[in-house]
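First up is the structure itself, then whatever we jot down about it.
Residue numbers (this note's numbering): 0 to 401.
Encoded structure:
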């Protein structure tokens with residue numbers, strides 16, 4: 000991929016940490032909160048005129064594919080150490096990230112995940128079979144969220160009776176994220192950590208009696224010759240659940256909305272191979288990427304997108320915008336042609352470790368729906384409702400199964 004050397008830097012010994020304020024003249028509206036606007040349409044307007052903008056929150060937002068890729072690949076200049084909370088492995092850099100990522104990756108290989116495929120298939124089939132026919136069903140909350148919670152609990156070995164609590168937390172988390180209230184977001188995060196600790200407590204209290212499942216095996220992992228701390232274990236599990244539950248639910252909503260609008264694609268999927276199905280799913284998510292952005296902070300002065308950023312500049316890699324960059328993808332629906340440049344799962348050192356798990360779960364969920372019904376239609380008088388930034392995708396997708 001030719002990035003045309005979009006990054007130049009003049010590195011100095013500057014610690015990564017909280018971004019410091021700085022005055023610039025090229026202020027643009029905060030694209031994290033465009034009231035009532037479809038984030039995809041908004042960034043589509045901005046991207047041809049601006050490679051990089053500074054939003055009202057003080058973040059430099061990278062809009063074009065080449066600049067997002069360049070920053071993601073240069074994880075020395077664009078540090079992921081952006082949060083005041085422990086984030087393993089997302090918020091770690093360099094060798095520290097590599098050591099923890101090695102642990103995480105072991106649980107997400109093809110060999111490790113294959114035994115769960117029939118479990119996910121059973122969960123999806125049972126869920127779809129129980130859905131009402133001919134009555135409105137919300138593809139996000141009643142299909143995507145429920146499937147995500149049941150599949151992740153089965154994978155991790157969590158008790159099924161956590162489902163209502165997890166579903167309630169997902170809604171609270173999205174509401175807190177939409178609000179932009181940091182105290183509210185921190186409170187909701189603390190509630191989720193309490194859920195995780197309730198699962199860990201019996202395993203840590205009596206390790207010999209703990210069930211042989213993914214969560215128990217994670218509790219027994221070591222790094223640098225020592226056992227993982229409880230905080231590190233909680234952080235990894237938070238990453239696997241707190242982030243993935245909402246992401247899978249949003250993705251299911253996007254996929255169902257797309258195949259409902261495009262019945263020819265739904266028909267193509269009914270006879271598609273696994274590889275073709277995965278490519279189509281990735282292309283739909285490229286066009287409507289629910290993974291909106293990731294934060295970074297510069298460790299030294301750097302020039303990117305024609306802008307000179309100082310050290311400690313706060314940056315957002317805007318995946319949704321980059322994945323719709325006309326200079327890279329054109330205007331058509333082309334799963335195979337666009338696959339190599341698709342950034343739905345990121346790129347570089349911090350590329351999503353759970354890509355295979357997400358790919359299999361999304362394929363299984365979508366196939367279960369298409370196999371069980373003759374057609375999908377939007378519920379009369381109930382149009383799909385877009386999510387409010389910084390959450391992507393749809394908040395609700397009311398459909399009727401026929």
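Backbone N, C-alpha and C define an ideal beta-carbon position, used for all residues, glycine too.
Helix, strand or coil at residue 233 [DSSP, three-state]: helix
Nearest neighbour of residue 265, chosen from 122, 367 and 129 [CA to CA]: 367
Supposed contact pair residue 67 and residue 296 - C-beta distance, whole angstroms, cut 8 Å: Incorrect: roughly 16 Å between the Cβ atoms, too far for contact.
Buried or exposed (CB count within 10 angstroms, at least 16 for buried), residue 134: exposed
According to DSSP, residues forming a beta bridge with residue 101: Answer is none; residue 101 lacks a bridge partner.
Three CB pairs or more closer than 8 Å across the segment 261 to 276 and the segment 48 to 57: no
For residue 76, three-class secondary structure by DSSP: coil
DSSP beta-bridge partners of residue 267: DSSP, once it has assigned bridges, lists no residue as partnering residue 267.
Residues near residue 259 in its chain [Cβ-Cβ closer than 7 Å; skip 5 each side]: 375, 376, 377 and 398
Buried or exposed (CB count within 10 angstroms, at least 16 for buried), residue 263: It is exposed - the Cβ of residue 263 has fewer than 16 other Cβ atoms within 10 Å.
Burial state of residue 350, where buried means 16 or more other Cβ atoms lie within 10 Å: exposed
Own chain residues within Cβ distance below 8 Å of residue 42, not counting five before or after: 30, 62, 317, 319, 320 and 323
Which residues DSSP lists as bridging residue 292, in chain order: Answer is 317.
Chain-order list of residues whose beta-carbon lies under 6 Å from that of residue 98 (same chain, five-residue window excluded): 222
Bridge-paired residues (DSSP) for residue 297: 77
Residue environment, residue 210, which counts as buried when at least 16 other CB atoms sit within 10 Å: exposed
Cβ contact (3+ pairs, closer than 8 Å) linking the segment 231 to 238 and the segment 339 to 347: no
For residue 53, the first and last residue of its enclosing beta strand (DSSP E): Counting along the chain, the beta strand (DSSP E) containing residue 53 begins and ends at 51 to 53.
At least three beta-carbon pairs within less than 8 Å, the segment 166 to 186 to the segment 380 to 400: Yes, the segment 166 to 186 touches the segment 380 to 400.
Nearest neighbour of residue 337, chosen from 278, 401 and 352 [CA to CA]: The closest CA to that of residue 337, considering only 278, 401 and 352, is found on 278.
Completely contained beta strand (DSSP E) runs for the segment 92 to 160, where each covers 3 or more residues: 135 to 137
Assigned exposure category for residue 197 - 16 Cβ within 10 Å defines buried: Under this definition residue 197 is an exposed residue.
Identity of the residue in 307, 72 and 86 nearest residue 242 by Cα: 86
Element boundaries [beta strand (DSSP E), containing residue 58]: 58 to 61
Rounded C-alpha distance that separates residue 159 from residue 380: 35 Å
Inter-residue Cα distance where the pair is residue 166 and residue 294: 26 Å
Neighbourhood of residue 352 by C-beta distance below 6 Å, restricted to the same chain and skipping five residues each side: Here the set comprises 103, 104 and 107.
Cβ-Cβ distance between residue 280 and residue 120 below 7 Å: no
Start-end ranges of the beta strand (DSSP E) lying completely within the segment 172 to 198, minimum 3 residues: Entirely contained in the segment 172 to 198, not one beta strand (DSSP E) run reaches 3 residues.
Through-space distance from residue 288 to residue 308, alpha-carbon basis: 27 Å
Outcome for residue 180 when other beta-carbon atoms lying within 10 angstroms are tallied against a minimum of 16: Residue 180 should be labelled exposed.
Endpoints, alpha helix (DSSP H) assigned at residue 346: Premise fails: residue 346 is in no alpha helix (DSSP H) and is neither H nor E.
Under the three-state DSSP convention, the category residue 262 falls into: helix
Run of the beta strand (DSSP E) containing residue 378, from where it starts to where it stops: For residue 378, there is no enclosing beta strand (DSSP E), since its DSSP letter is neither H nor E.
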